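Visitor: Here the sequence shown is numbered in the working numbering, starting from 9 and rising by one per residue. Note that beta-carbon positions come from the ideal geometry of N, C-alpha and C, so glycine has one too. Keep in mind the model is a prediction, meaning the values are calculated, not measured.
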Amino acid sequence: MSRTPYLAGNWKMHLTKRKASALARGVAAHQGENGNRKVAVFPAFVHLDHVRRNLKGSNVILGAQNCYGKKEGAFTGEISPYMLRDMGVQVVMVGHSERRHVFGESEDMLREKVKIALRAKLDVMLCVGETLAEREANDTFRVLARQMRALKVVKPEHASRVTVAYEPVWAIGTGETATPEMAQEAHAECRRLIAEIFDEASAQAMPILYGGSVKAGNAAELLSQPDIDGALVGGASLSIDDFGPILDAAN
Ligand code: PGA
9 MSRTPYLAGN WKMHLTKRKA SALARGVAAH QGENGNRKVA VFPAFVHLDH VRRNLKGSNV
69 ILGAQNCYGK KEGAFTGEIS PYMLRDMGVQ VVMVGHSERR HVFGESEDML REKVKIALRA
129 KLDVMLCVGE TLAEREANDT FRVLARQMRA LKVVKPEHAS RVTVAYEPVW AIGTGETATP
189 EMAQEAHAEC RRLIAEIFDE ASAQAMPILY GGSVKAGNAA ELLSQPDIDG ALVGGASLSI
249 DDFGPILDAA N
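1. Keeping to the same chain, check which residues put their C-beta closer than 7 Å to that of F206; ignore five residues upstream and five downstream.
2. Looking at S245 and the ligand PGA, is the gap between the Cβ and the nearest heavy atom below 8 Å?
3. For the 8 Å Cβ check, are there 3 or more pairs between the region 193 to 205 and the region 218 to 236?
4. Which residue or residues does DSSP assign as beta-bridge partners of C198?
5. Residue range of the alpha helix (DSSP H) that K27 falls in?
6. When DSSP builds the beta bridges, which residues end up paired with L255?
7. Just the Cα atoms here: how many angstroms apart are E175 and R150?
8. Which partner residues of D131 appear in the DSSP bridge assignment?
9. Measure the alpha-carbon distance for G65 versus P253 and round it to whole angstroms.
10. Roughly how many whole angstroms lie between the Cα atoms of R169 and L118?
11. Where does V222 fall in DSSP's three states?
12. Taking C-beta to C-beta, are G220 and I180 nearer than 9 Å?
13. Using beta-carbon positions only, say whether R60 and L15 come within less than 9 Å of one another.
14. Once you ignore the five residues that flank R107 on each side, which residues in its own chain have a CB closer than 7 Å to its CB?
15. For F251, count neighbouring C-beta atoms within 10 Å of its own C-beta (all shown protein chains included) and say buried if the count is 16 or more, exposed if not.
16. What are the start and end residues of each continuous beta strand (DSSP E) run of 3 or more residues lying completely inside the region 50 to 80, in chain order?
17. Are the beta-carbon atoms of A128 and M101 separated by less than 9 Å?
18. What span of residues does the beta strand (DSSP E) with A239 cover, start to end?
19. Less than 9 Å between the C-beta atoms of T171 and V99, yes or no?
20. Does DSSP put V177 in a helix, a strand or coil?
21. Helix or strand or just coil, what does DSSP make of A228?
Here it is in structure tokens:
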């Protein structure tokens, strides 16, 4: 089965309103009418509305970097997936390694986020990946199995609204990338886990993105691996000069 390449830009806590809007226009222009790849951007919450307006008329998907695992209530400082949906957001990232490791989000919390985001009619991009210590201890597959368990809350009919991003923590923002072989091995394992949780057809259909120091120079080789269906790009998604060639590497 051939899966449409999916390229996503994670803008993290970067850019001003003006720069985010300009970058959105740049991504939309670069994507043009291209229907052979899916492209998404994940701006900071406060830039979502500006970015949405600057993406209007394009097929670029609007994503949010996080949400809370409740519909509404006394949760000062948090953002409901229903609010995101109301603002025109289409997909939300859950479990990015910075959420897990900098903010200490637990598996229980992430499971709630997946559940409520899907209920709010957002698509979900679940991020998984091992730390360097876990890789060195040969624990990568065990960590993936534990983190992928969050998908057990997904109803089978909603599996098509889920994307997985494999991001080895040691490769994020470090300039160090997993070799294409290492990444492929982890992706194949993620796909096997998806088949276990849902079924083989869902596993074959679900996009699995690689993230961690993806650049124009390594994107094509990573994307050529059979189980790597796209890229989740941080640093190199912050300018169209860097991100544009990564988008083109998917063709
Ligand atoms: P990076 O970030 O491309 O800067 O390594 C990737 C990510 O955290 O999604």
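Guide: So, from the data block:
1. In the sequence shown, counting from the first residue as 1, residue 206 sits at position 198. Cβ within range, chain order: P164, A167.
2. Translated into positions along the sequence shown, residue 245 becomes position 237. Yes.
3. yes
4. Here residue 198 refers to the residue found at position 190 of the sequence shown. Partner(s): none; C198 has no beta bridge.
5. As a position in the sequence shown, residue 27 is number 19, starting the count at 1. For K27, the uninterrupted alpha helix (DSSP H) run begins and ends at 25 to 39, by DSSP.
6. Taking the sequence shown and counting its residues from 1, one reaches residue 255 at position 247. For L255, which the question treats as bridged, DSSP gives no partner whatsoever.
7. For the purposes of this step, residue 175 is identified with residue 167 of the sequence shown, where counting begins at 1. For the purposes of this step, residue 150 is identified with residue 142 of the sequence shown, where counting begins at 1. One C-alpha to the other measures close to 15 Å.
8. Within the sequence shown, the letter at position 123 stands for residue 131. V99, per the DSSP bridge assignment.
9. The residue given as residue 65 occupies position 57 in the sequence shown. The residue given as residue 253 occupies position 245 in the sequence shown. C-alpha separation (whole angstroms): 22 Å.
10. Start at 1 with the first residue of the sequence shown, and residue 169 comes out as number 161. Start at 1 with the first residue of the sequence shown, and residue 118 comes out as number 110. For R169 and L118, the distance between alpha carbons rounds to 16 Å.
11. Locating residue 222 in the sequence shown gives position 214, counting from the first residue. Here V222 sits in coil by DSSP.
12. Numbered from 1 along the sequence shown, position 212 holds the residue referred to as residue 220. Numbered from 1 along the sequence shown, position 172 holds the residue referred to as residue 180. A contact, by the Cβ cut-off of 9 Å.
13. Residue 60 sits at position 52 when you count from the first residue of the sequence shown. Residue 15 sits at position 7 when you count from the first residue of the sequence shown. For R60 and L15, no; Cβs fall outside 9 Å.
14. As a working note, residue 107 is residue 99 in the sequence shown. Closer than 7 Å at Cβ, skipping near neighbours: N74, E113.
15. Mapped onto the sequence shown, residue 251 falls at position 243. By the neighbour-count rule (16 or more Cβ atoms within 10 Å), F251 is buried.
16. You should have 69 to 72.
17. Residue mapping note: residue 128 aligns to position 120 of the sequence shown, counting from 1. Residue mapping note: residue 101 aligns to position 93 of the sequence shown, counting from 1. No, the Cβ-Cβ distance between A128 and M101 is not below 9 Å.
18. Along the sequence shown, one-based indexing puts residue 239 at 231. 238 to 241 is the span of the beta strand (DSSP E), which, as asked, contains A239.
19. Reading the sequence shown from its first residue, position 163 is the one you call residue 171. Reading the sequence shown from its first residue, position 91 is the one you call residue 99. At the C-beta level, T171 and V99 come within 9 Å of one another.
20. What you label residue 177 is simply residue 169 of the sequence shown in a count that begins at 1. Looking at V177 - three-state DSSP - the assignment turns out to be helix.
21. On the sequence shown, residue 228 is found 220 positions in, with the first residue counted as 1. A228: helix per DSSP, three-state reduction.
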